[in-house]
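Colleague: Residue numbers (the working numbering), protein chains in the order written: chain A, 18 to 364; chain B, 18 to 364. Yeah, the Cβ is synthetic: ideal placement off N, Cα and C, and Gly gets one too.
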């Protein structure tokens, strides 16, 4: 699967990466860079920081030419400003990276290719620009036709409850057991981690399910596509994206992700977090449209906000209630969920 | 509510319309023009046809300058080619219309403003271009906050089952009874008919529910917003759009639209038409997220494919089964649905 073509040159981009931090406002601003450094350390040559930068990914600090000399292909601007705009210093640094021979990729709302000076620098150096929020041209409308291969989708009681992390943890655990399993990215951080994927929340509305069919095509090697979920059927701002994703995925298996300390869905105090069981049942009911045999295989809790003993007890209680393995992927791993998945689909 | 700004000039566009037919391939190709002529005859000065055009809307034939002299403001290109592309003759005719002093509006996938010669003609003449499939800039993400006013939404067992027609028939019937009621358009034909609205299937996926909130803002005159539905929760290509629309509408009332002779959803032989009762219940369940008090008030059948006696019997049977008034808006009107609506929301 190829990534969207760049706007300025016909070249490709990809790892090895120089991760750009610049001078971020806070930890949240480098969420994307941190995700890539955590999940793909082998792709990360170094980090680029301004002298006054107060955070680190623990990677070697490098200048752009130095990173190029160390084999970096692309500088990845993994920071996010409020509003997704591009500060003047980021523009200047992107141009400097292009002049140093690196390609440049970013996940900002404001596109690299919308800035004439960045486009000119890419042309001048024959380098590629990649905006992760720009869907590839030619994504088709979903067709709903059953396709070969097995697919798992993470769904959630809310946005930002650990769906990407859980999906990547499943990929890692399954590969360790020798299973063919591939993470399929649907958001900007996931796209950088996979070096492939489609930003399903940024496609034109008629193409949501088509984008998911496109990133997880038929496969016949007996392996699994592990598809990163987005949003929640119970989030009134984004449920359309979640439903299109569910239909396009034609999932054989669902894993429910949940953050038990949250009281209302992200950004909307009037909307309480749904009950996990009701949420899972609603997802199963909707998923049956394109895969009547869909089953739930586990629950992933983000328990970072609670003490260990309480987290263990809560996993046990929710797991019992739903009749499924329930773990915190960070604290406990996902082995019992993989056990359940492989047992359910042994043949 | 204002329409999206045009791309080439700062002027406004709107009725009176000259309806452009050109030389259409078939009746389906002039569906949009026919919808506007049927629902807004008072806005239509005339039709523009090529000499070999084999169809008519029954309007006076006019040249562009003649239409301008008769008070036309905008030439509406209401034709659709396979693929939504713009034939060379349409480009030439759009330029001629601009040179004759008309604004030009179109609902093609290929945008007027993407054609340099059309843009140049608009600039030269100080005329406006409007692409109905181009969402307005600045549509916000949906916020789900309860808002004042009453809203009805048409939902369907499939695409193209009469949701726009039913919504407009309800507007007409309610206005005849002296009720304040306003059609809110969500698709290209509806946008031309309302001279307002947003193409919800063409917005970026994260903004579906926000677009619907934007076209049906709070109102405190006791009147109704009648919102045109799109797609179906049971169409695997487009259900994401339908769910976002349902959440953004916060409907007080739903009317289910159904075409009883259809065997499978549009374009997908593998997907049977859902049972009307199950479809209505799924829509009510999903709608409760943003309006827990939602109720169904009627069923609209498109019975054009069956004899009169059979149509009447079927309306009675489905109406009894669902406990709701059931009519074919074309054959029978929508009076019993309006009766039910007004009785349900008398206070």
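In chain B, which residues lie less than 9 Å from residue 288/A when you measure between Cβ atoms?
Modeller: Mapped onto the first chain, residue 288/A falls at position 271. Under the 9 Å cutoff, chain B gives 161, 306 and 307.
Colleague: Should residue 170/A be flagged as near chain B, meaning a C-beta pair shorter than 8 Å?
Modeller: Translated into positions along the first chain, residue 170/A becomes position 153. No, residue 170/A lies away from the interface with chain B (no Cβ there is under 8 Å from its Cβ).
Colleague: Listed in chain order, which residues of the stretch 123 to 144 of chain B have Cβ atoms closer than 9 Å to some Cβ of chain A?
Modeller: Those residues of the stretch 123 to 144 of chain B that come within reach of chain A (Cβ to Cβ, closer than 9 Å) do not exist; the list is empty.
Colleague: Closer than 7 Å, Cβ to any Cβ of chain A: which residues of the stretch 252 to 263 of chain B, in chain order?
Modeller: If the cut-off is 7 Å between Cβ atoms, the stretch 252 to 263 of chain B has 253, 254, 255, 256, 257, 258, 260 and 261 near chain A.
Colleague: Does any CB atom of chain A fall closer than 8 Å to the CB of residue 297/B?
Modeller: The residue given as residue 297/B occupies position 280 in the second chain. False, the Cβ-Cβ gap to chain A never drops below 8 Å.
Colleague: What do you get for residue 344/A, buried or exposed, if any count of 16 or more other CB atoms within 10 angstroms of its CB means buried?
Modeller: Here residue 344/A is taken as the residue at index 327 of the first chain, counted from 1. Buried is the call here.
Colleague: If you follow the beta strand (DSSP E) that residue 90/A is in, where does it begin and where does it stop?
Modeller: Residue mapping note: residue 90/A aligns to position 73 of the first chain, counting from 1. Premise fails: residue 90/A is in no beta strand (DSSP E) and is neither H nor E.
Colleague: Straight-line CA distance for residue 292/A to residue 134/A?
Modeller: As a first step, residue 292/A is located in the first chain; it is residue number 275 there, counting from the start. As a first step, residue 134/A is located in the first chain; it is residue number 117 there, counting from the start. About 50 Å.
Colleague: Can you tell me whether DSSP reads residue 264/A as helix, strand or coil?
Modeller: For the purposes of this step, residue 264/A is identified with residue 247 of the first chain, where counting begins at 1. If DSSP states are grouped into helix, strand and coil, residue 264/A belongs with the helices.
Colleague: Does the contact criterion of 3 or more C-beta pairs under 8 Å hold for the stretch 333 to 352 of chain A versus the stretch 280 to 289 of chain A?
Modeller: They do not touch, by the three-pair rule.
Colleague: Could you spell out where the beta strand (DSSP E) holding residue 120/B opens and where it closes?
Modeller: By one-based count along the second chain, residue 120/B stands at place 103. Note, residue 120/B: beta strand (DSSP E), 120 to 123.
Colleague: Taking C-beta to C-beta, are residue 129/A and residue 111/A nearer than 8 Å?
Modeller: On the first chain, position 112 is the one that residue 129/A refers to. On the first chain, position 94 is the one that residue 111/A refers to. Result yes, Cβ atoms of residue 129/A and residue 111/A sit closer than 8 Å.
Colleague: Give the straight-line distance between the Cα atoms of residue 243/B and residue 218/B, rounded to the nearest whole angstrom.
Modeller: Position 226 of the second chain, counting from 1, holds the residue named residue 243/B. Position 201 of the second chain, counting from 1, holds the residue named residue 218/B. Going by the C-alpha atoms only, they are around 18 Å apart.
Colleague: Going by the DSSP bridge assignment, what does residue 320/A pair with across the sheet?
Modeller: Residue numbering aside, residue 320/A sits at position 303 when the first chain is read from its first letter. Note: residue 320/A sits in no beta bridge, so no partner.
Colleague: Count the other C-beta atoms from every protein chain shown that fall within 10 angstroms of the C-beta of residue 66/A, then say buried if there are 16 or more, exposed otherwise.
Modeller: Walking along the first chain from the start, residue 66/A turns up at place 49. Residue 66/A is buried by the Cβ-count criterion.
Colleague: List the whole-angstrom C-beta distance separating residue 175/A from residue 282/A, where the pair is believed to meet the contact cut-off of C-beta under 8 Å.
Modeller: Residue numbering aside, residue 175/A sits at position 158 when the first chain is read from its first letter. Residue numbering aside, residue 282/A sits at position 265 when the first chain is read from its first letter. Rounded, the Cβ-Cβ distance is 5 Å, consistent with contact.
Colleague: Excluding sequence positions up to five away, which residues of its chain have a Cβ less than 7 Å from the Cβ of residue 235/A?
Modeller: Taking the first residue of the first chain as position 1, residue 235/A is located at position 218. These residues qualify, in order along the chain: 164, 165 and 166.
Colleague: Short check: CB of residue 82/B to CB of residue 63/B, under 8 Å?
Modeller: By one-based count along the second chain, residue 82/B stands at place 65. By one-based count along the second chain, residue 63/B stands at place 46. No, the pair does not count as a contact, with Cβ atoms beyond the cut-off.
Colleague: Is residue 296/A near the ligand NAD, in the sense that its beta carbon is under 7 Å from a heavy atom of that ligand?
Modeller: This structure does not include the ligand NAD; it has no bound ligands of any sort.
Colleague: Is residue 378/A close to chain B, meaning its C-beta is less than 8 Å from at least one C-beta of that chain?
Modeller: Limits of chain A in this structure are 18 at one end and 364 at the other, which puts residue 378/A out of reach.
Colleague: Between 150/B, 161/B, 126/B and 113/B, which lies nearest to residue 138/B when the distance is taken from Cα to Cα?
Modeller: Working through the second chain from its first residue, we reach residue 138/B at position 121. Closest option to residue 138/B, Cα to Cα, is 113/B.
Colleague: Determine the direct distance from the alpha carbon of residue 115/A to that of residue 186/B, and round the result to whole angstroms.
Modeller: Taking the second chain and counting its residues from 1, one reaches residue 186/B at position 169. Taking the first chain and counting its residues from 1, one reaches residue 115/A at position 98. Each residue's alpha carbon lies about 59 Å from the other.
Colleague: Does any CB atom of chain B fall closer than 8 Å to the CB of residue 316/A?
Modeller: Position 299 of the first chain, counted from the first residue, corresponds to residue 316/A. So, not an interface residue.
Colleague: Nearest-angstrom Cα distance between residue 168/B and residue 275/B?
Modeller: Position 151 of the second chain holds residue 168/B. Position 258 of the second chain holds residue 275/B. Answer to the nearest angstrom: the Cα atoms are 20 Å apart.
Colleague: Helix, strand or coil: how does DSSP classify residue 184/B here?
Modeller: For the purposes of this step, residue 184/B is taken as residue 167 along the second chain, with counting starting at 1. Correct three-state label for residue 184/B: helix.
Colleague: Please classify residue 346/B: does DSSP put it in a helix, a strand, or coil?
Modeller: For the purposes of this step, residue 346/B is identified with residue 329 of the second chain, where counting begins at 1. Correct three-state label for residue 346/B: helix.
Colleague: Locate the alpha helix (DSSP H) running through residue 55/B, then write down its first and last residues.
Modeller: In the second chain, residue 55/B corresponds to position 38, counting from 1. Taken as a continuous stretch (DSSP letters only), the alpha helix (DSSP H) holding residue 55/B covers 48 to 56.
Colleague: Tell me the start and end of each unbroken alpha helix (DSSP H) in the stretch 250 to 320 of chain A that is at least 4 residues and wholly inside, in chain order.
Modeller: Within the stretch 250 to 320 of chain A, the complete alpha helix (DSSP H) runs of at least 4 residues are 256 to 266 and 293 to 304.
Colleague: So which residues of chain B does residue 310/A contact, with C-beta pairs closer than 9 Å?
Modeller: Sequence index remark: in the first chain, residue 310/A carries index 293 (1-based). Simply none; closest approach about 15 Å.
Colleague: Is there contact between the stretch 222 to 236 of chain A and the stretch 250 to 257 of chain B, where contact requires at least three CB pairs shorter than 8 Å?
Modeller: In short, these stretches touch, since the Cβ pair count reaches three.
Colleague: Work out the CA separation of residue 131/B and residue 143/B for me, nearest whole Å.
Modeller: As a first step, residue 143/B must be located in the second chain, where it is residue number 126. As a first step, residue 131/B must be located in the second chain, where it is residue number 114. If I take the Cα positions, the gap works out to 17 Å.
Colleague: Kindly list the residues whose CB is nearer than 7 Å to the CB of residue 117/B, restricted to its own chain and excluding five residues on each side of it in sequence; keep chain order.
Modeller: Locating residue 117/B in the second chain gives position 100, counting from the first residue. The residues are 81, 82 and 85.
Colleague: Just to confirm before moving on: does the CB-CB distance between residue 30/B and residue 145/B stay below 8 Å?
Modeller: For the purposes of this step, residue 30/B is taken as residue 13 along the second chain, with counting starting at 1. For the purposes of this step, residue 145/B is taken as residue 128 along the second chain, with counting starting at 1. A contact, by the Cβ cut-off of 8 Å.
Colleague: From 264/B, 314/B, 320/B and 322/B, pick the residue whose C-alpha is nearest to that of residue 308/B; which is it?
Modeller: As a position in the second chain, residue 308/B is number 291, starting the count at 1. With distances taken between Cα atoms, residue 308/B lies closest to 264/B.
Colleague: Which word fits residue 325/B, buried or exposed, when buried means at least 16 other C-beta atoms lie within 10 angstroms of its C-beta?
Modeller: Locating residue 325/B in the second chain gives position 308, where the first residue counts as 1. Under this definition residue 325/B is an exposed residue.
Colleague: How about residue 178/B: is its C-beta nearer than 8 Å to some C-beta of chain A?
Modeller: In the second chain, residue 178/B corresponds to position 161, counting from 1. Judged by the 8 Å Cβ criterion, residue 178/B is not in contact with chain A.
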